[in-house]
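One structure below.
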Amino acid sequence: DVWLEEATVLSAEESTDADGSIVAYTWTWEGGAATGERPTVVVDQATTITLTITDSNGAQANTTVRLEPTAGPSVQNLQAAHDGQGRVTITWTWTGDVVSFDVLRNGELVATTTELTHTDLPLMSGLNTYTVQPFTEERTFLKGTSVVALQVVDVVIEQPEPAKGLGYGLGGSMVFLLVLLQFMMRRGGERP
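Reminder that position 21 of the sequence shown reads as 128 in the working numbering, one-by-one numbering, no gaps.
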């Protein structure tokens with residue numbers, strides 16, 4: 108499939124040469140060129156691409172292919188919600204075949220999933236930008252990617268209360284023992 112503004116891999120792997128070995132692959136089109144057996148191109152309109160193969164004897168052969176891109180699948184309805192407890196839940200829909208998704212927070216990869224949801228624990232409050240980028244073994248979708256920003260407010264962390272009962276009793280006992288020890292040491296210096 109050739110999709111608008113998505114990477115497409117061209118291939119000359121099936122090319123053969125009867126009287127030598129292929130030493131160069133040159134791909135040309137209006138406004139661009141590439142070399143190699145499997146270059147990647149991004150087209151935004153119908154494009155005719157010419158492949159020129161050069162063999163070890165200097166002979167050349169040409170062939171052309173016409174790429175007619177259509178709108179590809181994309182991440183849609185991307186939403187992010189903060190639960191007030193430090194968790195951000197991100198949900199989305201996908202209009203294409205089964206793929207994996209990279210989830211990025213502020214440009215950093217935080218997860219890879221095949222699900223249409225992810226729960227994140229951002230490290231700090233403030234503006235967090237989430238990007239969901241679909242990919243397969245063959246391509247990373249550029250146009251099919253979606254971005255959402257979410258303001259994460261401070262999470263209120265409850266401070267633990269001082270221990271009751273044994274905590275106060277143990278603390279009081281320690282103070283009493285320290286005072287008693289001090290008193291005994293002063294008296295210990297006086298011998299009858």
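We put the beta carbon where it would ideally sit given N, CA and C, even for glycine.
Alpha-carbon to alpha-carbon, residue j and residue i
i	j	result
phenylalanine 242	valine 182	11 angstroms
tyrosine 237	tryptophan 201	16 angstroms
leucine 185	threonine 252	10 angstroms
aspartate 108	alanine 218	27 angstroms
leucine 249	asparagine 169	30 angstroms
From the options, residue whose alpha carbon lies closest to that of residue i
i	options	result
alanine 114	Tyr132, Glu245, Arg194, Phe283	Glu245
glutamine 258	Arg212, Leu284, Gly251, Phe290	Arg212
methionine 124	Ala166, Leu158, Gln152, Leu230	The question names methionine, but residue 124 in the sequence shown is aspartate. Of the candidates Ala166, Leu158, Gln152, Leu230, the one whose C-alpha sits nearest the C-alpha of aspartate 124 is Ala166.
threonine 221	Ile129, Gly279, Phe290, Val210	Val210
glutamate 175	Ala153, Ser163, Asp162	Ala153
glycine 328	Leu158, Asp162, Gly139	It is not possible to answer for residue 328, since the shown part of the chain is limited to 108 through 299.
glycine 214	Gly278, His189, Phe283, Val254	Val254
serine 232	Ala140, Leu216, Arg294, Asp261	Asp261
alanine 178	Ala119, Val239, Gly203, Pro146	Gly203
serine 122	His189, Ala188, Glu144	Glu144
glycine 138	Asp151, Val286, Phe208, Arg294	Asp151
Boundaries (first-last residue) of the beta strand (DSSP E) holding residue i
i	result
glutamate 215	215–220
valine 254	253–259
asparagine 164	Element bounds for asparagine 164: n/a, residue is neither H nor E.
proline 241	233–242
phenylalanine 248	Note, phenylalanine 248: premise wrong, no beta strand (DSSP E); not H, not E.
CB-CB length for residue i against residue j, believed under 8 angstroms
i	j	result
isoleucine 156	tryptophan 136	4 angstroms
leucine 111	valine 148	At roughly 12 angstroms, the Cβ-Cβ gap does not stay under 8 angstroms, so leucine 111 and valine 148 are not in contact.
alanine 256	leucine 230	16 angstroms between Cβ atoms; not a contact.
Is the region 190–198 touching the region 220–227 in the sense that three or more CB pairs, one from each, lie closer than 8 angstroms? yes
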